[in-house]
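Here it is in structure tokens:
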């Protein structure tokens, strides 16, 4: 499936004058309106055309950045000043942020064009976009299947060429899993490298913003554009990033637990193994490693994440912003109860209840306290493994895209589709999903992860991989 | 987690659920809690609790002056999303009901 222009291609065409940003933006807006994918929950039609006109003037002046005039999509969980931001939740149906997220400021600083806001599972909670209050997004490769989630709108918009590139957010795999299911690149940077200021918080110790792209080279371009220290995010890293190491001779570890797990589809395993053969051709050495704690990571995640969700979502109380029943509620308690019960979706409520339970008096030590200790064990396990290898490779998701409704009534089954991506978030390390051979016409992704703060080496490896398999900018 | 326990927790979480949802959540949350209980197998006596995704070397306390910075929002901008306003005050129902005097 041809998914159109990469950032590199579009930048070349804009600089050479082959097309103007306004023309390109118009083409995308028409395509979005004609599309039945439901990738977007809101369009920035007038704003995008105005931004494109400004970008065209900037290009004429010759003051060009890599994203100048590039039409982009933004996951609707990232605040955009003056542009409705819903988190795909009814509770924020009419919320218009009074400020831009830091990543948006950075994109605007390069005169990128924001086409609109993309669909997601409500508050980024889910792996299929079926939890969106505004209907699910369809997978452009097979419309009977989910695009993955929670950044499913962004992934479908990139794979279906409804934008040049997009931003998503990743708490437990929400960039990498939809990238894998839609056949594109999805990168979760090191925790702290990209500012979370203006990202509607789900689980603050795990959330990271990152790019979904048509090429690995684009992932690096986007990462360089949005990363950097930000005083508005207290977890932002101040130290300079590590310098990239040479690709040749990189030691790649294959965790046996990833390849031996019960839920892994045989064809997906074979496809990922072929991807690993391509890494060997690049001069990487490959060996089996063991990450014994990885089998427990999903359990740890489903204690820590809901506790942070319950805390973060307590701000939606019908008082300061968002939908509210305040006009006809008798008491303050009624405002809280009725607003939250009426406007939160089912998965949001389920996670709030779960998080409240495992952190409540009497259960804290048995669940949350233990999960925090287990988190340290998971990080130590990665650290130990990274003393022997430079990169860890494996499948991004155990299966290709599944059918709508297949897992939506069984939350635990749905959670298991993030079994390989979640450990990475708990350790804070960078990780990218790159496309490997499709299985029965459905895309499959290979996940590559590296040491904390070794983002540049990882991105360079992904670019070298793309070159050898003959990807879009290969 | 019994249905009664679900009710206790939803009260804490300020969410109301109809009885059929409480029954459904009770079943689903039991399954999830059964699964997450496997963390017990991972804990050693030496393990220390950790609340961040960053290695300790990357973490430091962040303090700043108690002063607004980094935003060009006006009071009006910030109040534009408030559901009920009276002037520049955010309006809320009485915390204590009539029958509490």
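Chains as they are written, first to last, in this note's numbering: chain A, 85 to 558; chain B, 209 to 309.
Each residue gets a CB set at the ideal place from its N, CA and C atoms; glycine is no exception.
Could you tell me the alpha carbon to alpha carbon distance between residue i and residue j, rounded to whole angstroms?
i: residue 308 (chain B); j: residue 418 (chain A); result: A caution first: residue 308 (chain B) carries a pLDDT of 46, below 50, which makes its placement in the model too unreliable to give a value.
i: residue 236 (chain A); j: residue 216 (chain B); result: 35 Å
i: residue 305 (chain A); j: residue 351 (chain A); result: 32 Å
i: residue 421 (chain A); j: residue 404 (chain A); result: 15 Å
i: residue 258 (chain B); j: residue 162 (chain A); result: 27 Å
i: residue 225 (chain B); j: residue 369 (chain A); result: 55 Å
i: residue 209 (chain B); j: residue 439 (chain A); result: 13 Å
i: residue 97 (chain A); j: residue 301 (chain A); result: 17 Å
i: residue 414 (chain A); j: residue 299 (chain B); result: 13 Å
i: residue 511 (chain A); j: residue 241 (chain B); result: 22 Å
i: residue 204 (chain A); j: residue 267 (chain B); result: 31 Å
i: residue 357 (chain A); j: residue 172 (chain A); result: 36 Å
i: residue 265 (chain B); j: residue 297 (chain B); result: 44 Å
i: residue 480 (chain A); j: residue 160 (chain A); result: 23 Å
i: residue 104 (chain A); j: residue 139 (chain A); result: 9 Å
i: residue 146 (chain A); j: residue 119 (chain A); result: 34 Å
i: residue 500 (chain A); j: residue 382 (chain A); result: 8 Å
i: residue 372 (chain A); j: residue 503 (chain A); result: 19 Å
i: residue 299 (chain A); j: residue 544 (chain A); result: 12 Å
i: residue 93 (chain A); j: residue 310 (chain A); result: 20 Å
Can you confirm whether residue i, when its beta carbon is compared against all beta carbons of chain B, has any partner nearer than 8 Å?
i: residue 182 (chain A); result: yes
i: residue 395 (chain A); result: no
i: residue 378 (chain A); result: no
i: residue 530 (chain A); result: no
i: residue 495 (chain A); result: yes
i: residue 541 (chain A); result: no
i: residue 316 (chain A); result: yes
i: residue 215 (chain A); result: no
i: residue 460 (chain A); result: yes
i: residue 335 (chain A); result: no
i: residue 275 (chain A); result: yes
i: residue 405 (chain A); result: yes
i: residue 175 (chain A); result: no
Three-state secondary structure (DSSP) at residue i?
i: residue 395 (chain A); result: helix
i: residue 299 (chain B); result: coil
i: residue 271 (chain A); result: strand
i: residue 469 (chain A); result: helix
i: residue 274 (chain B); result: coil
i: residue 124 (chain A); result: strand
i: residue 222 (chain A); result: coil
i: residue 186 (chain A); result: helix
i: residue 483 (chain A); result: coil
i: residue 137 (chain A); result: helix
i: residue 323 (chain A); result: coil
i: residue 518 (chain A); result: strand
i: residue 540 (chain A); result: helix
i: residue 217 (chain B); result: helix
i: residue 363 (chain A); result: helix
i: residue 292 (chain A); result: strand
i: residue 168 (chain A); result: coil
Using DSSP's beta-bridge definition, name the partner residues of residue i.
i: residue 478 (chain A); result: A:531
i: residue 262 (chain B); result: DSSP lists no partner for residue 262 (chain B).
i: residue 157 (chain A); result: A:200, A:250
i: residue 278 (chain A); result: A:311
i: residue 338 (chain A); result: A:372
i: residue 297 (chain A); result: A:269
i: residue 229 (chain A); result: A:487
If we define contact as Cβ-Cβ less than 8 Å, is residue i a contact residue for chain A?
i: residue 240 (chain B); result: yes
i: residue 296 (chain B); result: no
i: residue 276 (chain B); result: no
i: residue 251 (chain B); result: yes
i: residue 290 (chain B); result: yes
i: residue 217 (chain B); result: yes
i: residue 286 (chain B); result: yes
i: residue 220 (chain B); result: yes
i: residue 293 (chain B); result: no
Using 8 Å as the threshold, is the C-beta distance between residue i and residue j below it?
i: residue 529 (chain A); j: residue 523 (chain A); result: no
i: residue 152 (chain A); j: residue 158 (chain A); result: no
i: residue 514 (chain A); j: residue 273 (chain A); result: yes
i: residue 295 (chain A); j: residue 285 (chain A); result: no
i: residue 365 (chain A); j: residue 516 (chain A); result: no
i: residue 280 (chain A); j: residue 317 (chain A); result: yes
i: residue 291 (chain B); j: residue 408 (chain A); result: yes
i: residue 533 (chain A); j: residue 508 (chain A); result: yes
i: residue 91 (chain A); j: residue 249 (chain A); result: yes
i: residue 256 (chain A); j: residue 506 (chain A); result: yes
For residue i, is the beta carbon positioned less than 7 Å from some heavy atom of the ligand ATP?
i: residue 129 (chain A); result: Ligands are entirely absent from the displayed structure, and the ligand ATP is therefore not among its contents.
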